[in-house]
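Which chain is which? The protein sequence lines are H, F and V, in order.
Under the numbering used here, think of the first position of the first sequence as 1, with each following residue one higher.
Under the numbering used here, think of the first position of the second sequence as 1, with each following residue one higher.
Under the numbering used here, think of the first position of the third sequence as 1, with each following residue one higher.
Glycine included, every Cβ here is placed at the ideal spot set by N, Cα and C.
Owing to the predicted nature of the structure, the values given are computational and were not obtained by experimental measurement.
Have a look at the structure below before the remarks.
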Amino acid sequence: MASIDSAASLNEVNALPALGAPPTPLWRQLLRHRLFMTGATILLLMILLAIFADLIELRSPEKMQVRLRFKSPDWPYPLGTDNYGRDIYSRLVHGARLSLSIGFAVALVTGIVGTAIGVAAGYFRRLDGPLMRLMDALMAFPAILLAIAIAAALGPSAMNAVIALSVVYTPRTARIVRATVLVVRETDYVQAAKACGARDRWIIWRHVLPNSMAPLIVQLTFIFAYAILAESILSFLGVGPPPPTPTWGNMIAEGKDYLREASYICFFPGLAVALTCLGLNLLGDGLRDVLDPRLRVQIG
Amino acid sequence: MVDPILELKDLRVVFGSHGREQIAVDGVNLTLAAGEVLGIVGESGCGKSLTALSILGLVPKPTGRIACGEIIFKGTDLARSSDTEMNEIRGKDIAMIFQEPMTALNPVIKIGEQIAETIRVHEGLSRQAARQRALSLLERVGMSNPRQRIDQYPHELSGGMRQRVMIAIALACRPKILIADEPTTALDVTIQAQILALLKDLQRELGMAMILITHDLGVVAQVADRVAVMYAGRIVEEGTAIEVFEAPAHPYTRLLLSSIPALDQDYVRLQTIAGMVPSLANLPSGCRFHPRCPDARVQCAKHSPRYTELGVTHRAACLALTGYQSND
Amino acid sequence: MTKALVSVKGLTKHFLMPTGGLFNRTVTQIRAVDGVDFDIAPGETFGLVGESGCGKTTTGRLILRMIQATSGSVSFNGEALLTLSDDEMRTRRQQMQIIFQDPYGSLDPRMTVSQIVEEPLRIHRIGDRATRARRVTDLLDVVGLRKEYAHRYPHEFSGGQRQRIGIARALALNPKFIVADEPVSALDVSIQAQIVNLMMDLQKELGLTYLFIAHDLGVVKHMADRVAVMYLGRIVEIASKASLYGSPQHPYSQALLAAVPIARPSVRQKLTVLSGEIPSPSRPPAGCHFHTRCPQALPRCAQEAPTLQEVRPGHQAACHLLAPIAQ
Chain H
1 MASIDSAASL NEVNALPALG APPTPLWRQL LRHRLFMTGA TILLLMILLA IFADLIELRS
61 PEKMQVRLRF KSPDWPYPLG TDNYGRDIYS RLVHGARLSL SIGFAVALVT GIVGTAIGVA
121 AGYFRRLDGP LMRLMDALMA FPAILLAIAI AAALGPSAMN AVIALSVVYT PRTARIVRAT
181 VLVVRETDYV QAAKACGARD RWIIWRHVLP NSMAPLIVQL TFIFAYAILA ESILSFLGVG
241 PPPPTPTWGN MIAEGKDYLR EASYICFFPG LAVALTCLGL NLLGDGLRDV LDPRLRVQIG
Chain F
1 MVDPILELKD LRVVFGSHGR EQIAVDGVNL TLAAGEVLGI VGESGCGKSL TALSILGLVP
61 KPTGRIACGE IIFKGTDLAR SSDTEMNEIR GKDIAMIFQE PMTALNPVIK IGEQIAETIR
121 VHEGLSRQAA RQRALSLLER VGMSNPRQRI DQYPHELSGG MRQRVMIAIA LACRPKILIA
181 DEPTTALDVT IQAQILALLK DLQRELGMAM ILITHDLGVV AQVADRVAVM YAGRIVEEGT
241 AIEVFEAPAH PYTRLLLSSI PALDQDYVRL QTIAGMVPSL ANLPSGCRFH PRCPDARVQC
301 AKHSPRYTEL GVTHRAACLA LTGYQSND
Chain V
1 MTKALVSVKG LTKHFLMPTG GLFNRTVTQI RAVDGVDFDI APGETFGLVG ESGCGKTTTG
61 RLILRMIQAT SGSVSFNGEA LLTLSDDEMR TRRQQMQIIF QDPYGSLDPR MTVSQIVEEP
121 LRIHRIGDRA TRARRVTDLL DVVGLRKEYA HRYPHEFSGG QRQRIGIARA LALNPKFIVA
181 DEPVSALDVS IQAQIVNLMM DLQKELGLTY LFIAHDLGVV KHMADRVAVM YLGRIVEIAS
241 KASLYGSPQH PYSQALLAAV PIARPSVRQK LTVLSGEIPS PSRPPAGCHF HTRCPQALPR
301 CAQEAPTLQE VRPGHQAACH LLAPIAQ
């Protein structure tokens, strides 16, 4: 008896056309996005330079040849030599390693710590006030000044630069994650999980985190870019990773006294920083374009 | 009929870029006589709202555009008018009210000011004069405490009151045509009743023509003189309200009417329409309704039905009405 | 009368909202649910209707303890729910589930259909992967979805199909009681009918009890056995559907029913029976909440709130105009 009735119900549905093909997956949409691909290519190029620095250097980045100081860009020194006669090209590709690593490390740490704080503040009402006031306090300082202060206090090294920059940029990621968590927390699907008796841990891990990632990821690409730029500023001021290990920042620092006679010492590492940041920005913009519309609710 | 005040001829609205276009409104023909209420009913995605938006040139660009057809109002083709020309008409000759008054009203401007703005733009009245008119409009639309409310902001008003403000703005310049797009869908039942009574009243008093777009068949039955039923971008049946509701000719109309549980009847099981509305990207061939139609036959998939005249004012597009002979 | 499955007594929820400007911060009390009593018998569909601000959605959530009640009691199968600990409540939750109104917000967009439907089982650690997969297939079948859809994402489905997924999820734990919070309000008319039929079929097959919250009086009349009408946090009338729709006693119920537009143009209604706005729940009128709009209000109505009393056999109403049947 009952099965006849639900068969009638089923007949109503069997007339439904089959679902169309699944929509274009995310990665394919990204591959089609021109800006994203441009940015990704630039970044990939820089990463390859960094990885294969040992293979593509022309000579040791630290070898000083005082007689060959200030050579203009010409073969066999394609980007010239600096004030110590070191090959700028080889220093540049080695510098990529440290600069990119620092940028990546800052993005990673900021991402993890920022997410933890953002989720805690957004999900647990009682933690929201204290945590966000702490973040506000940190954000009240101008970013670069705070970074310089921390790095100077800790001492010049790559690790300390990472710590300093992470402290400075974490509030930004925490805010973004918190904003998304506040929205996700009120959705019906989270309420549904609560109605089933899901514990907070479950809800945060399975619902809140996956749905809060998209804006965070976009923001992290920008933080990567800020970090590279900031590292170069820190090194410029002498509180970043110390010489003789090359970073793009300290190359610019060392070249600043010779801007008139040998501007190429600053120019090439500066160009590298600018290009990398551009690539990261394009990447982030592309990601945002592709991710955002998917989050938009369909209009019936 | 007497010269219609508005005529839509073969209107086609498409979305998307060349090569991947979807036709949202496909060859709609409608006429509106002065002073009459035309109801356009249909479910979501049938194109009724888009039809209304295209009359006022409000189809969202650049994704959408009017691909072909004419919209004749006072001798001009609105589909081909420039934005400046349309601005003259919007709010003055043809006005529109929307479903969500909260998003249609500016949250940072007092409501009196919003009503007065339309008057000042179109009729060039002074601030004082416009404010007086706004006050009398608020009284006319049944707003409680109009002297107090005229200086309030939208968020201080309830949904029903905001809808009254929207009606006041729309009627400020005594338009010839009012387009109401789901005006009461977001309102509670008792408030909906008030707003519908108000609209009917004003429409009669001002001698305005009204196009009422809704998915609620009860609302249409109580307010409209003529009804057009839309499905998947086309009008499948058209006639006076009595003709369409009491002698529905198209299977979709019949099924739609019988799937609503009425208050004075008991049902064992609700009548449903099998399947679901087709997506614009995957429209069925021939008659768009045929995959869901209990009366469909082989011919229905092959031929798109033309209109069969069932009376002076009543017509429907269904092959069953012509003995399944294609009337191409 | 058979023992009630769900019994609600004096259920109250007051929200405290901070209001006022920068310099005169006060707290407004919103009496969303203001002392509500009713019983739901096993296997029945209890309809709860009312307009905005009446508290019907809040009542549903209070019963499921999704919101903390301010006072009152809810008992399920004879057991008091509001005093249980979180852990004890967790086990009881398997028996009571909810279906939401918004098909677009009620499914996690990042999970596949099968993940969504099996989540309740995973939360309660029921079965292993294979058993759960089988259960998901069964559930999809019961709600009329093809099992191939299990690996698709919610955004690929229409509103009606998503509601079916939501229903499948609600059934995963084999509950006895389901709160259906406006389950068809956001759907097209023809799809509404499909879902209503589905819910009634499931009720017959699985012996479910529904609390059906809605504002569409026609749908409620079809689905419900008994119906309660709420206004501004209070129940004004409870009766069997025949009794309520046939002879509504409370002036508000009468006005509500008269305001529904009939899909018959030859019957032109006088639609406006009730004037005035619905008062805000933060400032309800004194005495009977409805007296400011009631065409038949007495002076007494502004002073004394009426209580719900039996005015006809099996038919309760809260109105000073009505005389309770003699005991």
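Chain V has no Cβ within less than 7 Å of the Cβ of A21/H. In this structure, DSSP gives I89/F a helical state, which the three-state scheme calls helix. In the DSSP assignment, R288/F is bridged to no other residue. Using a Cβ distance threshold of 7 Å, R97/H and A50/H count as a contacting pair. In the DSSP assignment, T38/H falls within the unbroken alpha helix (DSSP H) covering R34 to I51.
Counting C-beta pairs with one atom in each stretch, the region 224-235 of chain H and the region 198-211 of chain H have fewer than three that are closer than 8 Å, which means they do not touch. Straight-line spacing of the CA atoms in Q303/V and A228/V works out to 24 Å. Pairing E237/F with T253/F gives a Cβ-Cβ distance under 7 Å. With contacts defined as CB atoms closer than 7 Å, L140/V and A168/V qualify as a contacting pair. Taking 9 Å as the cut-off between beta carbons, none of the residues of the region 101-120 of chain H comes near chain V. Around the beta carbon of E119/V, a 10 Å sphere encloses 16 or more other beta carbons of the protein chains shown; the residue is thus reported as buried. Neighbours of Q97/V in chain H, taken as residues whose beta carbon is under 9 Å from its own, are A192, A195 and C196 in chain order.
Nearest neighbour of G286/F by Cα position, chosen from V25/F, C300/F, S279/F and I273/F, turns out to be C300/F. CA-CA distance, R12/F to D77/F, rounds to 14 Å. It is roughly 19 Å from the alpha-carbon of I63/V to the alpha-carbon of V236/V.
Around the C-beta of L31/H, fewer than 16 other C-beta atoms lie within 10 Å, and the residue is accordingly described as exposed.
The shortest CA-to-CA distance from T240/F to any of T31/F, V268/F and I177/F is the one to T31/F.
Counting the other Cβ atoms within 10 Å of the Cβ of K3/V gives fewer than 16, which makes it exposed.
Contact of L8/F with chain V is not assigned, every C-beta pair being separated by 7 Å or more.
Look at the region 210-224 of chain F: the residues with a C-beta under 9 Å from a C-beta of chain V are H215, D216, L217, G218, V219, V220, A221, Q222, V223 and A224. Within 8 Å of the CB of L274/V, the CB atoms of chain F belong to T190, A193 and Q194, in sequence order along the chain. In this model, L43/H and I144/H are separated by some 24 Å (Cα to Cα). Distance from the CA of P130/H to the CA of A230/H, rounded to the nearest whole angstrom, comes to 28 Å. In the three-state DSSP reduction, K200/F falls in the helix class (H, G or I). Residue range K241 to G246 is occupied by the alpha helix (DSSP H) that includes Y245/V. In the same chain as M132/H, and ignoring 5 residues on each side of it, the C-beta atoms closer than 6 Å to its own belong to A121, in chain order. A residue is called buried when at least 16 other Cβ atoms come within 10 angstroms of its Cβ; I325/V does not meet this threshold and is exposed. Annotation: G240/H is outside any alpha helix (DSSP H) and is labelled neither H nor E by DSSP. Around T187/H, the beta-carbon contacts reaching into chain V at under 7 Å are G105. Under the DSSP definition of a beta bridge, D181/V partners with I213/V.
Within a 10 Å sphere around the beta-carbon of H155/F sit fewer than 16 other beta-carbons, which makes this residue exposed.
A straight-line Cα-Cα distance of about 13 Å links T214/F and P261/V.
Listed in chain order, the non-local C-beta contacts of M200/V below 7 Å within the same chain comprise M223, local neighbours out to five positions each way being set aside. Taking a beta-carbon distance threshold of 7 Å, I123/V counts as an interface residue toward chain H. Residues of the region 190-203 of chain V that bring their beta carbon within less than 7 Å of a beta carbon in chain F comprise S190, I191, A193, Q194, V196 and N197, in sequence order. Look at R264/V here: in three-state DSSP terms it is coil, with no helix or strand label.
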